[in-house]
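These notes are about the structure you will find just below.
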Amino acid sequence: MINTKIVRNGLALLASSLLFTPTAGLASSPRQGQVETKLIAAAKYLRNSEYMPTHRPVVNRLSRNQVDAFTLELEAGKSYTLVSFCDDACLDIDLGLYDNNGQTVDYDTDYGQYPIVQVTPRGTGKFMVKVGMPHCVSSSCYYGVGIFAK
9 MINTKIVRNG
19 LALLASSLLF
29 TPTAGLASSP
39 RQGQVETKLI
49 AAAKYLRNSE
59 YMPTHRPVVN
69 RLSRNQVDAF
79 TLELEAGKSY
89 TLVSFCDDAC
99 LDIDLGLYDN
109 NGQTVDYDTD
119 YGQYPIVQVT
129 PRGTGKFMVK
139 VGMPHCVSSS
149 CYYGVGIFAK
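So the sequence shown is numbered by my numbering: it starts at 9 and just counts up by one.
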């Protein structure tokens with residue numbers, strides 16, 4: 009596992025440096041592009057720790073106080089790190105990971121825009137990811153989740 013405090017600080021630095029960086033070309037809106045650009049930067053940053061993307065990133069949007077959920081198949085013995093970002097209208101985003109019995113594996117509900125959860129599954133199986141949007145200053149905010157493993 010990697011030190012989440014170091015990763016969070018590194019990702020925050022990268023995200024803040026992207027404020028004036030052109031956004032990803034396929035985004036349907038500038039705010040979606042902000043999230044996609046942050047996910048690309050996270051992939052580059054985590055590659056230095058030998059983490060590689062294992063799933064297609066999830067990009068969606070939520071209104072304030074809404075929660076979204078999706079499932080992932082994770083392989084036994086791989087060390088996974090999931091990182092999430094939100095657009096600049098978002099002040100806080102939460103990320104949780106749950107096993108197939110609904111038990112909490114890891115969660116990050118600290119105030120901020122860069123939650124991280126980690127797991128090294130003992131067995132291959134389905135996991136649920138929940139994304140919460142406690143604070144969005146717009147009618148809705150874009151978020152993205154990147155899934156990486158080594």
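Note that the Cβ used here is the ideal one computed from N, Cα and C, for glycine as well.
| Item | Value |
| --- | --- |
| Any C-beta of chain C under 8 Å from that of ASP95 | Going by chain labels, chain C is absent from the structure shown, which holds only one protein chain. |
| heavy atom of the ligand FAD below 7 Å from SER148 C-beta | The ligand FAD is absent from the structure shown, which contains no ligands of any kind. |
| Three-state class that DSSP yields for GLU83 in the structure shown | coil |
| Integer Cβ distance of ASP126 from TYR88, believed to fall under 8 Å | In the sequence as displayed, the identity of residue 126 is Gln instead of Asp. GLN126 to TYR88, Cβ: 6 Å. Contact. |
| DSSP three-state assignment for ALA97, whether helix, strand or coil | coil |
| Same chain only: Cβ atoms within 6 Å of VAL91, ignoring 5 sequence neighbours per side | ALA50, ILE124, GLY154 |
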